[in-house]
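Contents: one structure, followed by commentary.
Residue numbers (the numbering used here): 18 to 176.
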């Protein structure tokens, strides 16, 4: 039910105008929700890097790169709801000046990109890559590592 409420929440405003603590909390929320979807699923992730997922994917009931469909819990639609609600706020959070927020946002991007091809495409279409690339040269090694993992996962493809 919480995922259904995400589109109604002022997440973009909170991420753009909120305090550092609020921004960090939003990034962690996206990460934890993505993690929850992954751990409550009975599917096994397939992590095979391929080319760049340049796309505008129409909504699909299948949550790939998992080896089976969304299952009885409707995981596919949950993945889509989460990635669509989180994409724009995560672009804002990755562009933050605060390393704590940058690292948490990059971790959330990695987790959401792991969930599905739709998630990767939604993040890519929202403009996440230009926000992540500067983080690769951050002075904070944790930010660099998180951004590198996020970019790696964005470049993965299930096809």
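Note that CB positions come from ideal geometry on N, CA and C, so glycine has one too.
How would you label residue i, buried or exposed, when you count the other beta carbons within 10 angstroms and need 16 or more for buried?
i	result
residue 137	buried
residue 178	A question about residue 178 goes unanswered here, because the residues of the chain that appear run from 18 up to 176.
residue 28	buried
residue 164	buried
residue 36	exposed
residue 30	exposed
residue 38	exposed
residue 34	exposed
Mind reading off the beta-carbon distance from residue i to residue j? Whole number of angstroms is fine, and I expect it under 8 Å.
i	j	result
residue 50	residue 99	6 Å
residue 126	residue 153	So it is not a contact: roughly 13 Å between Cβ atoms.
residue 122	residue 42	Not really, about 11 Å apart at Cβ, beyond 8 Å.
Taking Cβ to Cβ, would you say residue i is nearer than 8 Å to residue j?
i	j	result
residue 128	residue 52	yes
residue 155	residue 119	yes
residue 146	residue 171	yes
residue 113	residue 40	yes
residue 48	residue 124	yes
residue 143	residue 104	yes
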